[in-house]
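Residue numbers (the working numbering): 17 to 344. Positions of the beta carbon are idealized from the N, C-alpha and C atoms, including for glycine. This one's a predicted model, so the numbers in the text were calculated from it and none came from an experiment. To start, the structure itself, in structure tokens.
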Amino acid sequence: MIRFFYVAKNHMAQILNLLWLKFYFIWRYLKHSASIRVTNQKQFIGRIAAHCHVLEKGLTMPEGKFNFGKDMIIGLCVLLDKYFELKFEPNVIIYASLNVLREYIRIHVENNVDVDTELKSKIENSLGKYSFGHCVKDERNFYVNEFSGYDYAVKPFADFAWSRHSVRDYAKKNIDMKVWGRVIQIAQSAPSSCNRQATRVHLVKDRSKIEQILAIHNGNRGFGHLADAIIILSGDISVYAGAREINMLYVDVGMFSMNLLYAMHYSGIASCTLNWAYTVEMDRRLRKIIPIPSNEEVCVIVSAGYYKDSYKVAASARLKTADIMCFY
């Protein structure tokens with residue numbers, strides 16, 4: 017304890033700078049995010065996109081259910097109604113959400129299943145608020161049947177990149193460790209700050225451990241048990257220094273993770289990134305299952321397995337390029 021205060025005293029400037037940077041971010045996060053309130057268009061679009069994604073997932077699950085997601089649908093309809101009430105301009109995310117609701121009804125009708133009365137009323141009310149005529153040009157199928165992406169490995173990079181989707185249904189086939197070795201070696205071509213190469217890869221094949229880890233994470237219901245393996249990506253805190261480098265770990269692991277996803281796709285391995293929005297308790301439970309050192313920060317979990325001959329993927333509509341670019 018005495019040593020701690022001695023070290024703290026000698027590095028007080030760095031500690032204060034670190035605390036100030038975190039406070040600066042937290043203040044801006046609380047001010048601009050939808051954590052406290054949802055009032056502006058961007059906040060509404062963010063919440064609508066999140067609700068839409070959950071429903072997209074449900075409609076593309078390998079073992080789908082009917083009349084699922086009642087609370088999520090009601091929440092989405094409430095957000096859409098408020099969005100229209102505030103007269104915000106609709107964009108691709110809004111149309112995608114309306115398409116999800118329409119698809120929800122269509123699938124039930126095709127299978128002669130009655131939709132919950134309350135849900136049907138709310139969905140029809142939201143669908144009636146805005147014409148689909150504005151989005152016919154950009155409309156995609158809600159989900160598409162695909163064949164193995166392996167043949168894209170020899171195609172132009174743009175085709176290869178757009179052919180990769182988050183896949184939640186996998187072939188019952190073991191991925192050999194030699195294959196994983198090649199995949200991870202390709203992923204290592206990712207850049208990192210000052211070539212520090214902080215990313216660490218924890219590959220989990222043990223079925224018992226996979227089930228325990230996925231039990232902590234609630235974003236894999238309905239498909240996690242089908243994965244041949246899960247990959248936990250962490251960053252080694254030890255290679256960074258100073259307050260200004262505190263977020264570099266996430267940047268480095270993020271670049272590595274996208275490279276890893278492409279490397280898997282190139283090798284005929286399907287994948288789905290699972291966000292690690294953790295609590296302290298979740299982090300501690302994970303480290304009891306897998307001996308991840310305390311100097312490593314867990315950033316990403318990925319489920320993986322070989323592609324099936326055919327599978328479903330969510331449309332996951334993208335914003336227009338002009339909407340994310342700024343010119344100066």
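- Residue 82 and residue 210 have their C-alpha atoms roughly 51 angstroms apart.
- The residue among 128, 92 and 104 with its C-alpha nearest the C-alpha of residue 143 is 92.
- Inclusion of residue 243 and residue 282 in the CB contact set at 8 angstroms is not warranted, their separation being larger than that value.
- For residue 303, DSSP records no beta bridge to any residue.
- Here residue 342 is exposed, its C-beta having fewer than 16 other C-beta atoms within 10 Å.
- Straight-line spacing of the CA atoms in residue 61 and residue 332 works out to 14 angstroms.
- In the three-state reduction of the DSSP assignment, residue 322 falls in the strand class.
- Its Cα nearest to that of residue 233, the residue 315 stands out among 127, 259, 84 and 315.
- Per DSSP, reduced to three states, the secondary structure at residue 243 is coil, with no helix or strand assignment.
- With a cut-off of 8 angstroms on Cβ pairs, the stretch 316-331 is in contact with the stretch 179-198, counting three or more such pairs.
- Taking residue 129 as the centre and dropping the five residues before and after it, the same chain places the C-beta of 82 closer than 6 angstroms to its C-beta, in chain order.
- Nearest Cα to residue 190 within the set 175, 245, 140 and 138: 245.
- Residues 249 and 316 of the same chain have their beta carbon placed closer than 6 angstroms to that of residue 273, with the five preceding and five following residues left out of the count.
- Sixteen is the threshold: when 16 or more other Cβ atoms of the shown chains lie within 10 Å of the Cβ of residue 89, as they do, the residue is buried.
- Just so you know, the alpha carbons of residue 120 and residue 108 end up roughly 18 angstroms apart.
- The three-state secondary structure of residue 56, taken from DSSP, is coil.
- In the structure shown, the three-state DSSP call for residue 74 is helix.
- In the three-state DSSP reduction, residue 270 falls in the helix class (H, G or I).
- Cβ neighbours of residue 207 within its own chain (closer than 7 angstroms, five residues either side excluded): 271.
- Under the 8 angstroms Cβ criterion, the stretch 248-264 counts as touching the stretch 292-312, having at least three qualifying pairs.
- Per the C-alpha coordinates, the member of 38, 290 and 225 positioned closest to residue 302 is 225.
- Around the beta carbon of residue 72, 16 or more other beta carbons sit within 10 angstroms, so the residue counts as buried.
- Put simply, of 269, 102 and 318 the residue whose alpha carbon is nearest the alpha carbon of residue 214 is 269.
- In terms of Cβ geometry, residue 203 and residue 135 do not form a close pair [threshold 8 angstroms].
- Straight through space, the alpha carbons of residue 68 and residue 116 are spaced by roughly 7 angstroms.
- Distance from the CA atom of residue 99 to the CA atom of residue 50, rounded to whole angstroms, is 14 angstroms.
- Distance between residue 221 and residue 27, taken at the CA atoms: about 43 angstroms.
- Between residue 30 and residue 228, the alpha-carbon positions lie close to 39 angstroms from each other.
- Here the alpha carbons of residue 298 and residue 231 stand approximately 10 angstroms from one another.
- For residue 295, there is no enclosing beta strand (DSSP E), as DSSP marks it with neither H nor E.
- Under the three-state reduction of DSSP, residue 290 is assigned to strand.
- Nearest Cα to residue 182 within the set 337, 239 and 199: 239.
- In this structure residue 46 is not in contact with residue 259, their Cβ atoms being roughly 20 angstroms apart against a cut-off of 8 angstroms.
- Note on residue 340: under 16 other CB atoms within 10 angstroms of its CB, so exposed under the neighbour-count rule.
- Look at residue 121 here: in three-state DSSP terms it is helix.
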